Structure formats: structure tokens, C-alpha cells
Amino acid sequence: MVDEMAALHSNDTWDLVVLPSGKSTVGCRWVYTVKVGLMIAYVRLLLSMAAMRFWPLYQLDIENVFLHGDLAEEVYMEQPPGFVAQKESGLVCSTADHSIFYHHNSSGQCIYLTKDLGKLKYFLGIEIAQSSFGVVLSQRKYALDILEETGMLDCKPIDTPMDPNVKLIPGQGEPLGEPGRYRRLVGKLNYLTITYPDISFPVSVVSQFLQSPCDSHWDVVIRILRCIKSTPGQGVLYENRGHTQVVGYTDADWAGLPTDRRSTSWYCVFIGGNLIS
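At position 56 of the sequence shown the residue is numbered 56 (full-length UniProt numbering), and the sequence of numbers has no breaks.
Structure below.
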């Protein structure tokens with residue numbers, strides 16, 4: 001919070017004023033969270049285009065980018081909790097008389113504090129290698145971190161992530177004593193499918209039992225880890241294949257779920273022969 005407030009002050013984001021008559025304020029609160037919801041299809045599309053056109057990829061970071069947007073209106077906001085100025089510009093804040101601040105952007109100038117990160121090599125846990133042959137995405141470090149966290153670094157590897165004869169159903173076996181551990185691990189495996197599509201289907205299967213996982217479901221997760229152990233550095237190659245055709249594939253089984261006889265479908269889309277989604 002201190003760093004965020006320092007950035008707000010250094011950018012001259014607001015002035016402390018007395019609330020004008022007839023104006024109202026908006027509140028604010030601190031939100032402790034992480035960035036989620038990565039649209040990997042967009043990233044894959046960009047990398048595919050770069051590979052097909054032999055573009056070099058570079059990376060930069062604009063610090064506090066949310067502060068640089070244009071604001072045409074006057075906005076009056078209460079001071080953030082825990083950072084209420086007691087004495088500034090002759091103003092005294094109390095629970096009965098809040099000081100507030102506003103930001104009115106009337107200048108056309110924008111100054112961004114930008115950090116040059118050089119050639120793109122690492123992005124949100126994804127390792128990116130560029131060469132004259134194309135662009136390779138992998139998550140080797142991420143995969144090894146999962147194996148280390150679960151104590152599976154020295155496990156016996158296996159070639160396939162799931163036994164095709166195994167049919168999982170809810171309540172199959174003893175309930176896990178720590179279901180949260182199962183959920184966290186499945187979530188991490190789901191992120192690994194970005195560059196490890198071989199495990200996409202088994203991960204989608206074990207994701208169906210997040211609410212009440214049992215030991216039989218855990219056994220399938222362990223098998224997925226053993227498969228990852230065999231090739232932790234497996235990745236996806238994006239290259240120039242001489243065309244930009246869009247091709248899609250889809251498939252579905254027939255009443256494959258043993259509990260309700262629903263069918264399961266899957267699809268994949270390629271642009272220029274490179275996997276996008």
C-alpha cells in the first residue's frame with residue numbers, strides 16, 4: 001500500500017481540496033489480489049504472427065500504467081483508508097469532515113516511467129525462446145516447481161497422462177483430508193496446459209471433482225505429474241509454415257460420462273499451422 005501511495009503522489013494524481021457545494025464523492029478501498037484471467041489465445045496469436053513474419057519480440061513494463069489514462073471529468077474521491085492526511089494545505093480531516101481529492105486532466109502531455117526488459121524471454125511463468133526457426137513456448141521451471149512442491153521430483157516417469165480405461169465418478173473412494181491441496185494443484189496443472197496440451201483432457205477430467213475430491217481422483221492427478229516428470233520442458237513451437245490458413249478440429253464422444261451419460265467435446269484452432277486455442 002505504501003508503494004502504491006508513493007506512486008500516486010509522484011504522479012501528482014490529485015490535489016487535496018474541500019468538497020465544493022453540490023458535489024458528491026465516490027468511495028475507495030484497497031483490493032488485495034493478483035492478476036488473473038490471462039487470455040492465452042491472444043498471446044498465442046501474437047506469437048504466431050511474430051513467427052510467421054519473423055518479428056523480433058521485446059518486452060517493457062510501464063509502471064503504474066493505470067495512472068496514465070485521460071480523465072475528462074472532475075472526480076471527487078474520499079481518501080484511501082489508512083492514508084487520510086491529518087494536516088495538508090491547511091486542511092484538517094476528521095470522521096465528520098472528510099478531506100477529498102480530485103484529478104482533472106487538462107494537459108495533453110503524458111510521461112510514462114518505462115523499464116526496458118530487453119528481448120522477450122519470460123512472461124507470466126512462460127519461457128519464450130526466439131530463433132530463426134520460430135518461437136518456442138515452454139514452462140519448464142513452472143513444471144519443476146510443481147513437482148518439487150508435491151514431492152514428485154524423484155517419481156518414476158510415465159509416457160501417458162491418463163489411463164483410458166479409468167472412468168471417474170463423484171464420491172469414488174475416500175474423501176481427501178485436504179481438498180484445498182487438490183484444488184490448488186489442479187489449478188496449477190490447468191495453467192501448465194498453456195504449453196503442455198497433452199495433459200489438457202485429463203486436467204479437464206480431474207477439474208470436475210474440485211468440490212469433493214476423493215483418493216481415486218488424486219491418483220489420476222499423480223499420474224499426470226508422473227507424465228510431466230518425463231518431459232518437463234515440453235513446449236509448443238510457432239513457426240512460419242508458408243501460409244496463414246485458419247483450420248479448426250473438433251471431436252466428441254457419445255454419452256461418455258458414466259453418471260449422466262453426457263457427451264464430452266473438445267476443439268482446437270490453428271492459424272498458419274500454429275496452435276491458437
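Think of the CB as a built atom: it goes at the ideal place given N, C-alpha and C, for glycine as much as any other residue.
Treat the numbers as computed from the prediction; the structure is a model and nothing was measured.
Residue burial is scored here from C-beta neighbours: Met39 has fewer than 16 other C-beta atoms within 10 angstroms and is therefore classed as exposed. For Ala51, the enclosing alpha helix (DSSP H) begins and ends at 40-53. If you ignore the 5 residues before and after Arg183, its C-beta comes within less than 6 Å of the C-beta of Leu210, all in its own chain and listed in chain order. Taking C-beta atoms under 8 Å as the contact rule, Arg140 and Pro232 qualify, at a distance of about 5 Å. Between Pro258 and Lys167, the gap from beta carbon to beta carbon is short of 8 Å.
Runs of the beta strand (DSSP E) lying entirely within the stretch 206-257, each at least 3 residues long, are 235-238, 246-252 in chain order. Leu124 has its alpha-carbon roughly 14 Å from the corresponding atom of Ala41. Boundaries of the alpha helix (DSSP H) around Val186: 179-192.
The residue among Trp30, Cys268, Pro56 with its C-alpha nearest the C-alpha of Ala252 is Cys268. Annotation for Val136: Ala129, Gly235, Leu237 place their beta carbon closer than 6 Å to its own, counting only its chain and skipping 5 residues before and after.
For Pro157, the closest of Asp61, Ile194, Ser230, Thr195 by C-alpha to C-alpha distance is Ser230. In terms of Cβ geometry, Ile126 and Ile194 form a close pair [threshold 8 Å].
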